[in-house]
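With the UniProt record's numbering, the residue at position 248 of the sequence shown is 248, and numbering never jumps. Beta carbons are placed, not taken as given, at the ideal position from N, Cα and C, and that holds for glycine. Keep in mind it's a predicted model, so treat the numbers as computed, not measured. Okay, so here's the structure we're looking at.
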Amino acid sequence: NILYSTRIRVHMLSSTVLSFIGNILVLVTAIRRATKLKPPELLSVNLAVTDLGAAVTMYPLAIASAFNHGWLGGDATCLYYGLMGFFFGVASMMTLTVMSVVRFIISLSLQSPKEKISKGRIQLLIMGTWVCALLWAVFPLLGWGKYGPEPFGTSCTLAWSEMKENGFSFVITMFLINLLIPATIIVGCYSGLALKLHAAYKSINNSNQIPNILKMHRKLLIIAVLISMGFIGCWTPYAAVSLWSVFRSSESIPPEVSVLPCLFAKSSTVYNPLVYYLFSKTFKREVRQLKWTCGRSKASNEPDSNHTVENANHAPCDGQRQNIPTVNQSPRMQTEAEIKVYTMECL
1 NILYSTRIRV
11 HMLSSTVLSF
21 IGNILVLVTA
31 IRRATKLKPP
41 ELLSVNLAVT
51 DLGAAVTMYP
61 LAIASAFNHG
71 WLGGDATCLY
81 YGLMGFFFGV
91 ASMMTLTVMS
101 VVRFIISLSL
111 QSPKEKISKG
121 RIQLLIMGTW
131 VCALLWAVFP
141 LLGWGKYGPE
151 PFGTSCTLAW
161 SEMKENGFSF
171 VITMFLINLL
181 IPATIIVGCY
191 SGLALKLHAA
201 YKSINNSNQI
211 PNILKMHRKL
221 LIIAVLISMG
231 FIGCWTPYAA
241 VSLWSVFRSS
251 ESIPPEVSVL
261 PCLFAKSSTV
271 YNPLVYYLFS
281 KTFKREVRQL
291 KWTCGRSKAS
301 NEPDSNHTVE
311 NANHAPCDGQ
321 RQNIPTVNQS
331 PRMQTEAEIK
341 VYTMECL
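In structure tokens:
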């Protein structure tokens, strides 16, 4: 079907372009704020790296194969494609799991501004996600599991239909460790965080007196839940079709149908930057400043009164209170200004 094939190509091409641009923006804005990033933000950066890695290493080959009406390359490229897909997929899932646990630990004292997890520990956790992803990606090369072409013939993945006997233990273990258990942890952590936030809000009689740090945790919870639900939601149909291929004959699913969950899963790398842009004032402001910088010459660095006020409003979320110049402000007003700066939300 020419029309169907064209739609697949358009979807793959648009997913690649949007994923590349969006995640590059996330990384560029993170680099611009490198010294001001809070520890949990490193996990968002790592998630952007996994999404960008998948888009760069896999999608161009899939697009070329779609235009070729068949897999472009031999067994070596198929092995490479399947390995990269599994590697970055596991890395993303593990990152989301670690992110949920870290957010829950931070929520143990919702109204405390102190960091409970250092950057060093976050970096160790990130390293652990990559080691875990690498181990699982290598297992099929060592004989536990197998990579092979997809039924529709334009991409490669784990050879689900060929693992009904020898690779059955790999399939069950992989689904438990890389999907079911992480998804359970994510749901449990964010449910616990939501209950804590609900209890904290309920204990405050006047809505005008809600601490800014509680509002920050609420915004971060919304962002994290949307990202996690999006990733799990995109990959669940693919997981269901894959399990069906293991327990039933893969021939019972037409190639035209089996390609849809695969395309849906590949779109998981696109929406994270969109979520950041819609719900994070920090990311939105950084992107707009980046566009402004690209559209005009660099502005003068001479400070003035307006510049001082803007810096106070755009203070970094680096876990350090900023000295805010004030004129004829009461101590209470100064304290509120410091809290506002301190609790500005970050990704």
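In the DSSP assignment, residue 158 falls within the unbroken beta strand (DSSP E) covering 156-158.
Just so you know, the alpha carbons of residue 147 and residue 235 end up roughly 18 angstroms apart. The beta carbon of residue 163 sits closer than 7 angstroms to the beta carbons of 145, 146, 170, 171, 246 from its chain, once the five residues preceding and following it are set aside; these are given in chain order. Note on geometry: alpha-carbon atoms of residue 42 and residue 282 lie some 15 angstroms from one another. The beta carbons of residue 238 and residue 211 sit about 42 angstroms from each other, so the pair does not count as a contact at 8 angstroms. Under a 10 Å Cβ-count criterion, residue 100 is classified as buried, with 16 or more other Cβ atoms of the shown protein chains found around its own Cβ. Here residue 149 is bridged, per DSSP, to 156. For a cut-off of 8 angstroms, the C-beta gap from residue 136 to residue 242 is around 15 angstroms, too long to register as a contact. If you draw a straight line from the Cα of residue 149 to the Cα of residue 259, it is about 12 angstroms long.
Just so you know, the alpha carbons of residue 176 and residue 133 end up roughly 14 angstroms apart. Only residues of its own chain outside the window of five on either side were considered, and among them 221 have a CB closer than 7 angstroms to the CB of residue 194, listed in chain order.
Comparing alpha carbon positions, the residue from 143, 56, 8 closest to residue 24 is 56. When DSSP states are grouped into helix, strand and coil, residue 284 belongs to the helix group. DSSP places residue 191 within a helical segment (H, G or I) once states are collapsed to three. Within the same chain, 283, 284, 287 come within 7 angstroms of residue 277 by CB-CB distance, once the 5 residues on both sides are set aside. Comparing alpha-carbon positions, the option among 70, 86, 199, 215 lying closest to residue 138 turns out to be 86. In chain order, 99, 100, 103, 190 place their CB closer than 8 angstroms to the CB of residue 224, counting only its own chain and leaving out the 5 sequence neighbours on each side.
In this structure, residue 65 sits away from residue 157, with a CB-CB distance that is not shorter than 8 angstroms. For residue 222, the uninterrupted alpha helix (DSSP H) segment begins and ends at 212-247. Going by C-alpha positions, residue 63 is about 29 angstroms away from residue 142. DSSP, reduced to helix, strand and coil, places residue 174 within a helical segment of the structure shown. Going by C-alpha positions, residue 34 is about 15 angstroms away from residue 120. Counted as a single uninterrupted DSSP element, the stretch harbouring residue 33 is not any alpha helix (DSSP H), since DSSP gives it neither H nor E. Contact check for residue 274 and residue 22: beta-carbon distance about 7 angstroms, within the 8 angstroms limit, so the pair qualifies.
Of the residues assessed, residue 45 falls on the buried side of the cut-off, its CB having 16 or more other CB atoms within 10 angstroms. Secondary structure of residue 69 (DSSP, three-state): coil.
For the pair residue 95 and residue 50, the CB atoms are nearer than the 8 angstroms cut-off. Within the same chain, and ignoring the five residues on either side of residue 268 in sequence, the residues whose Cβ sits closer than 8 angstroms to its Cβ are 51, 92, 230, 231, 234, 235. When secondary structure is reduced to three states using DSSP, residue 144 falls in the coil class, being assigned neither helix nor strand.
Counting only the Cα atoms, residue 123 lies some 16 angstroms from residue 31. For residue 59 against residue 15, the beta-carbon gap comes to about 7 angstroms, under 8 angstroms, which counts as contact. The C-beta distance from residue 129 to residue 182 rounds to 11 angstroms, too long to fall under 8 angstroms, and the pair is not in contact.
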